[in-house]
Amino acid sequence: MTGIVDFAKRMVIALILAGFIGLLFMGAIKTSAEEKEKAIPEEMTWPTGGTITDTYGTRDASHFGIDIGAAKGTPVVSALAGTVSRSYTSDTYGETVFVLHPNGYETVYAHLDVRFVEEGQAVDQGTMLGTVGNSGHSFGDHLHFEVHKGRWNIEKSESVDPLAFLEEDQLPTYTAFMDKHEVRPANASMHAEEHETVTVAPGDTVYQLSRENEVAVEELIAWNNLDAQATIVTGETLRLYPPS
Ligand SMILES: [Zn+2]
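Convert by adding 83 to the 1-based position in the sequence shown; the result is the number in my numbering.
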């Protein structure tokens with residue numbers, strides 16, 4: 084009998100200990116999640132430059148992001164490093180890119196004019212995803228930017244106010260941003276000689292060729308009939324002048 088009582092006592096002690104250890108783990112998990120949330124605001128980059136024209140939670144709490152008004156063609160960059168989880172055309176969002184970040188957050192860049200990235204592509208913080216536009220259910224050139232604490236879903240239940248992660252007084256102006264990224268506004272005057280062409284070398288991007296040849300990204304895309312992802316192939320000859 085004493086053997087069974089001892090065994091029962093040991094079991095009770097073991098269960099109590101297991102409970103304590105469990106609590107310790109729960110504490111640890113909670114702390115690391117909180118640290119992650121705290122770490123993000125310091126890391127996030129403004130996805131574009133311009134003026135905030137609408138904030139989170141407006142329109143009877145149906146606006147799940149912020150709107151940044153900027154000229155068509157302004158670069159849109161990834162706020163954090165991650166992997167492109169979607170790059171597609173939506174009836175409402177228009178040309179849209181989603182980026183999934185290693186911390187489990189997902190960011191959304193909507194109403195783009197042109198998308199430069201494909202699903203599954205790894206992007207760095209600051210990688211150009213596309214340009215500001217007016218595609219989808221949009222009235223005027225702007226970026227609609229969303230931040231989700233988890234995966235985006237139709238109810239947008241994971242959405243959070245993007246301004247919680249961005250320093251509002253550091254929002255780049257259009258001019259400063261363009262200077263910083265050395266990107267020329269769409270439809271800017273060209274310096275390319277008439278009938279000049281360029282051959283795509285391995286690793287070249289439309290963005291880079293645009294800079295090197297002083298031709299706007301949008302012009303390169305339009306003049307060469309490139310697809311929405313601005314796909315270019317090594318060895319391909321691109322014209323740096325409009326088709327006649
Ligand atoms: Zn919006």
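Ideal Cβ positions, reconstructed from N, Cα and C, are used throughout, including at glycine.
By alpha-carbon positions, which one of the options ends up nearest to residue i?
i	options	result
Y188	D287, D174 and G165	G165
L246	A193, I135, V300 and A153	I135
L195	L163, Q312, G203 and E297	Q312
M211	E241, S145, S242 and V300	V300
Are the CB atoms of residue i and residue j nearer to each other than 7 Å?
i	j	result
D150	H225	yes
R294	N307	no
Y139	D244	yes
V230	T190	yes
A193	T179	yes
Quick one: using the 10 Å Cβ neighbour count with 16 as the cut-off for buried, is residue i buried or exposed?
i	result
E147	The displayed chain sequence assigns Phe, not Glu, to residue 147. With 16 or more Cβ atoms within 10 Å of its Cβ, F147 is classed as buried.
G318	exposed
H184	buried
R198	buried
D174	exposed
G233	exposed
A205	exposed
T280	exposed
H220	exposed
A284	exposed
D252	exposed
At least 3 beta-carbon pairs within less than 8 Å: the segment 279–294 vs the segment 167–177: no
Could you tell me whether the segment 216–233 touches the segment 130–146, where touching means 3 or more Cβ pairs closer than 8 Å? yes
I'd like to know if the segment 151–159 and the segment 204–221 are in contact, where contact means that at least 3 CB-CB pairs between them fall below 8 Å. yes
In chain order, what are the residue ranges of uninterrupted beta strand (DSSP E) at least 3 long that sit wholly in the segment 164–237? 165–173, 177–183, 189–198, 211–215 and 225–231
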